[in-house]
Structure formats: structure tokens, C-alpha cells
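*Asks:*
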Amino acid sequence: MDCEKYQPFMDYWPLHIVLILQALCGLLSAVFSVYTLTQCRNLYFHVNCRTLIHGQLVIFVIHSVFIVAIQKQDGRFMMVLERIIATFRKNRYERAGQRIGVCLLLVGVALSATLTLWTIQEENFSSSYPYCSSGSAITIARLSVVHYALCAICAASLFGILGLRVYNKFALDRKTFSLGDSFHLRENQHIIQLLYPLAIFQAIFLLFFVAGGAVVAAFRHTMELIIFRTIFAAFYFIPYYTAITPILILLIIQKAKRSSDRRLETMRNVTNAKEIFRTGGLCAFVSRPAGVASEPQLTPIIRIQHLKPKCLLVTGGPASLDQN
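Below you can see the structure in the form of C-alpha cells.
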């Protein structure tokens with residue numbers, strides 16, 4: 537190994553600062569991810585969404601071990617795919633249970649590992665290097681191809697989440713739909729509303745990462761080796777991404793909890809004589825007619841039939857609310 541050629545790697549302080557900051561962010565990422573993982577029990581999302589979020593946080597914790605593989609694993613794209621499957625498969629999706637979330641997580645990790653192995657396939661690991669990077673002179677071409685592919689995945693994720701929002705908006709405006717469809721649409725609405733800021737952040741962050749890395753790699757022949765290595769390392773945003781994302785997930789959990797508490801408080805304070813039906817659940821609050829002394833009660837409901845004025849038959853619960 538030519539020591540004089542690589543002497544700048546020992547003396548160039550901007551490169552040292554970049555690497556130290558990334559190491560500190562990696563440590564903070566592990567701490568934040570572990571804490572956020574303990575708070576995920578407060579999530580009321582579908583079990584498959586929780587599985588993907590838990591999996592992403594676990595990968596963040598161990599990202600220092602699989603530092604190359606993690607940059608190819610896009611858990612957010614898998615979450616969007618899970619919601620699309622839930623929207624259009626409905627009954628079959630529910631019967632599958634947690635298997636869909638686990639399968640999507642495994643597919644994401646397997647795809648990440650496959651891309652990593654393909655990128656470093658031609659690398660000669662018998663050589664000695666003073667500085668280790670996934671983008672060596674041998675792997676940089678394939679790594680650039682992977683970066684362009686990740687740009688496409690980021691764009692697909694954004695279009696997917698926007699498409700779900702538009703579909704949900706028009707589907708909720710329909711006059712008639714089944715109880716099962718309503719359940720999935722309401723669940724989509726809650727998940728998309730809460731994950732949308734996180735999805736936007738992740739897409740923009742990863743888009744800058746992959747686009748920046750691809751642009752720097754394209755101009756590598758016009759720069760000195762030490763300058764190229766410093767800029768290329770500076771565009772490795774993944775440690776910052778894995779440190780910030782758990783904080784955003786934690787904020788989303790807290791927002792979801794506050795929203796749930798407000799809805800429960802609103803339902804608890806219903807005193808006017810009206811019927812409030814939650815199409816996303818299996819129950820309704822039904823107020824008794826005037827003259828009947830009782831607080832609004834929670835009544836299981838499967839089907840509601842208006843037989844005659846002042847008579848409301850609730851099948852699946854008490855025979856009737858008013859026999860007059």
C-alpha cells in the first residue's frame with residue numbers, strides 16, 4: 537500500500553469531522569430508536585403497520601452493523617404498499633392477519649441485502665485500505681445505479697401516499713358502502729393523516745441522499761481523491777436520518793394519543809338527543825327519545841331498521857329502545 541498516497545486521509549480534518557458526526561448520530565439513533573420502540577405499544581394502527589414500524593426501528597438500532605444494507609431498506613415504501621393491499625384486498629387482507637406485515641418486512645430486508653451483495657460483488661477484499669467505504673473505485677458504478685433506483689422508489693412512495701389520500705377522499709364521499717369498506721377507509725384515513733408528515737420527511741431526506749451521492753459520484757474524476765471522499769462521505773445522510781426519524785415517530789405517537797383522547801372525551805360528553813354512528817366500528821351511541829329517563833347508552837349494532845316513528849329496533853342488541 538502506498539502510504540504517501542493515503543497520508544491525506546490521516547491529516548485532512550474535514551473528513552474527520554464528517555466521520556465523527558456520523559458516529560455520534562449513529563449512537564443517538566440507537567438510543568432514540570430503543571426509547572421509541574418502548575412507546576410503540578401506544579400505537580392504535582393496524583397490526584401490520586405496527587409490525588413494519590417496529591421492524592424499521594429495530595433496523596435503526598443495529599444499523600451500525602448493517603450500515604451498507606440499511607441504506608437500501610425503505611420501510612416507508614413497504615408501509616405504503618401495505619396500505620394499498622389493505623385497501624383493495626379487504627376481507628382477504630384481514631384473514632391473513634400479521635403475516636402480510638412480516639412478509640413485507642422480510643422482503644424489504646432481503647431486497648436490501650441482495651442490492652448490497654450485488655454492489656460489492658466485484659470488490660477485492662484481499663486488498664488493504666486505509667479508509668473503508670461502500671463507494672470504492674470498483675463499486676462506485678454499481679452504487680450509482682442503486683442510487684438512481686432508490687430515487688425512483690422515493691418518488692413511487694410519494695405518489696403512492698398521495699394516491700391513497702385522493703382515493704380515500706372520494707371513497708368517503710360515496711353515499712353507500714359496506715361496513716367492511718367503511719372500516720378500512722376510516723383506518724386508512726387515520727394512518728395516512730398521521731404517517732403523511734413522516735412519509736414526506738423520509739422521501740425528501742432519502743431523495744437528497746441518493747441524488748446527492750449520484751451527482752458527486754458522477755463528478756468524481758474531476759476532484760482530488762481526498763476531496764471526493766470527504767464530499768461523498770458528507771452526503772451519507774443515513775446516520776442523521778436514523779437519528780431524527782425515531783423522534784418524528786414518537787411525536788406521531790403522542791399526536792395519535794391526544795387525538796384519541798379528544799375523541800373519547802367528545803363521545804363521553806354527548807348529551808343532546810341525536811344518533812352518532814361510527815361506521816368504522818361495531819357500535820353506536822343512541823340517545824333515548826324525549827321522556828325516557830336515561831343517559832345515552834352504548835349499544836352493539838349490526839343493522840338498524842326504522843319500523844315506525846318513535847320506534848328504533850337494534851338487532852344484535854336489546855330488542856328495542858322504545859316500545860311506545
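So the sequence shown is residues 537 to 860, counted in my numbering.
Glycine included, each C-beta is placed from N, C-alpha and C at the ideal position.
From His757, Phe596 and Met615, pick the residue whose C-alpha is nearest to that of Ile676; which is it?
*Replies:* The candidate whose alpha carbon is nearest that of Ile676 is His757.
*Asks:* For Val702, does the count of other Cβ atoms within 10 angstroms reach 16, so buried, or fall short, so exposed?
*Replies:* exposed
*Asks:* Look up Gln725 in the DSSP assignment and say whether it is helix, strand or coil.
*Replies:* If DSSP states are grouped into helix, strand and coil, Gln725 belongs with the helices.
*Asks:* Let me know the secondary structure DSSP gives Met759 once reduced to three states.
*Replies:* Coil, per DSSP.
*Asks:* Cα separation between Arg635 and Asn584?
*Replies:* 8 Å
*Asks:* Which runs of the alpha helix (DSSP H) fall wholly inside the region 738-802 and span at least 4 residues, in chain order?
*Replies:* Here the runs fully enclosed are 761-770.
*Asks:* Just to confirm my understanding: we take Thr587, look at its own chain, exclude 5 residues before and 5 after, and list those with CB closer than 7 Å. What are they?
*Replies:* Gln634, Gly637, Val638 and Leu641
*Asks:* Determine the burial state of Ala792: buried for a count of at least 16 other Cβ atoms within 10 Å of its Cβ, exposed for fewer.
*Replies:* When all chains shown are included, Ala792 counts as buried.
*Asks:* Tell me where the alpha helix (DSSP H) around Gln592 begins and ends.
*Replies:* It spans Val583 to Val597 - the alpha helix (DSSP H) in which Gln592 sits, taken as one unbroken run.
*Asks:* Please report the distance separating the alpha-carbon of Ser679 from that of Arg794.
*Replies:* Reading off the sequence, residue 679 comes out as Leu, not Ser. In a straight line, the C-alpha of Leu679 is about 43 Å away from that of Arg794.
*Asks:* Output the distance between the C-alpha atoms of Ala559 and Pro775, rounded to the nearest integer angstrom.
*Replies:* 8 Å
*Asks:* Taking Ser565 as the reference, which of Asp797, Leu800, Leu617 and Ile783 has the closest Cα?
*Replies:* Ile783
*Asks:* Using CA coordinates, which residue listed in Ile697, Asp709, Ser648 and Gly696 is at the minimum distance from Ala685?
*Replies:* Ser648
*Asks:* Tell me whether Gly633 sits in a helix, a strand or coil according to DSSP, three-state version.
*Replies:* In the structure shown, Gly633 falls within a coil segment according to DSSP collapsed to helix, strand and coil.
*Asks:* Cutting at 6 Å between CB atoms, please list the residues of its own chain near Pro550, excluding the five before and the five after it.
*Replies:* Around Pro550: Thr766.
*Asks:* With DSSP run on the structure shown, which of helix, strand or coil describes Glu658?
*Replies:* coil
*Asks:* Just the C-alpha distance for Ser823 and Met803, rounded to the nearest angstrom, thanks.
*Replies:* Note on Ser823: pLDDT 44, under 50, position unreliable in the model; no value is reported.
*Asks:* Do you know how far the Cα of Glu801 is from the Cα of Thr589?
*Replies:* As written in the sequence, residue 589 is Ile, which differs from the Thr given in the question. Cα-Cα distance, rounded: 28 Å.
*Asks:* Could you name the residues of the same chain whose beta carbon sits closer than 7 Å to that of Val554, not counting the 5 residues immediately before and after it, in chain order?
*Replies:* Thr766, Ala769 and Ala770
*Asks:* Can you name the start and end residues of the alpha helix (DSSP H) that Tyr548 belongs to?
*Replies:* Looking at the DSSP string, Tyr548 is not in any alpha helix (DSSP H), and its letter there is neither H nor E.
*Asks:* Judging by CA-CA distance, which residue of Ala754, Gln725 and Ala692 is the nearest neighbour of Met908?
*Replies:* Outside the displayed span of the chain (537 to 860) sits residue 908, for which this structure offers no information.
*Asks:* Smallest Cα separation from Val594: which of Thr778, Ile789 and Ile697?
*Replies:* Residue nearest to Val594 within the set Thr778, Ile789 and Ile697 is Thr778 (criterion: CA-CA distance).
*Asks:* By alpha-carbon positions, which one of Leu786, Gln725 and Val751 ends up nearest to Val507?
*Replies:* This structure does not reach residue 507, given that the chain is present from 537 up to 860, and the question cannot be answered.
*Asks:* Where Ile556 and Ala707 are concerned, what is the direct C-alpha to C-alpha distance, given to the nearest angstrom?
*Replies:* 50 Å
*Asks:* Which residue's Cα is closest to the Cα of Cys687: Cys576, Ala750, Phe773 and Glu760?
*Replies:* Ala750
*Asks:* Taking the CB atoms as reference points, tell me whether Ile728 and Ile697 lie closer together than 8 Å.
*Replies:* Contact: yes.
*Asks:* Nearest CA to the CA of Tyr548: which residue from Ile788, Ala754, Ile656 and Glu760?
*Replies:* Glu760
*Asks:* Apart from the five residues on each side of it in sequence, which residues of its chain come closer than 6 Å, Cβ to Cβ, to Glu618?
*Replies:* Asn584 and Leu640
*Asks:* Could you tell me the distance, in whole angstroms, from the CA atom of Leu742 to the CA atom of Ala632?
*Replies:* 31 Å
*Asks:* Take the Cβ of Gln543 as the centre, count every other Cβ of all protein chains shown within 10 Å, and call the residue buried at 16 or more, exposed below.
*Replies:* exposed
*Asks:* Using a 10 Å radius around the Cβ and a threshold of 16 neighbouring Cβ atoms, would you call Leu700 buried or exposed?
*Replies:* Flag for Leu700 reads buried.
*Asks:* Leu734 to Thr781, Cα distance in whole Å?
*Replies:* 8 Å
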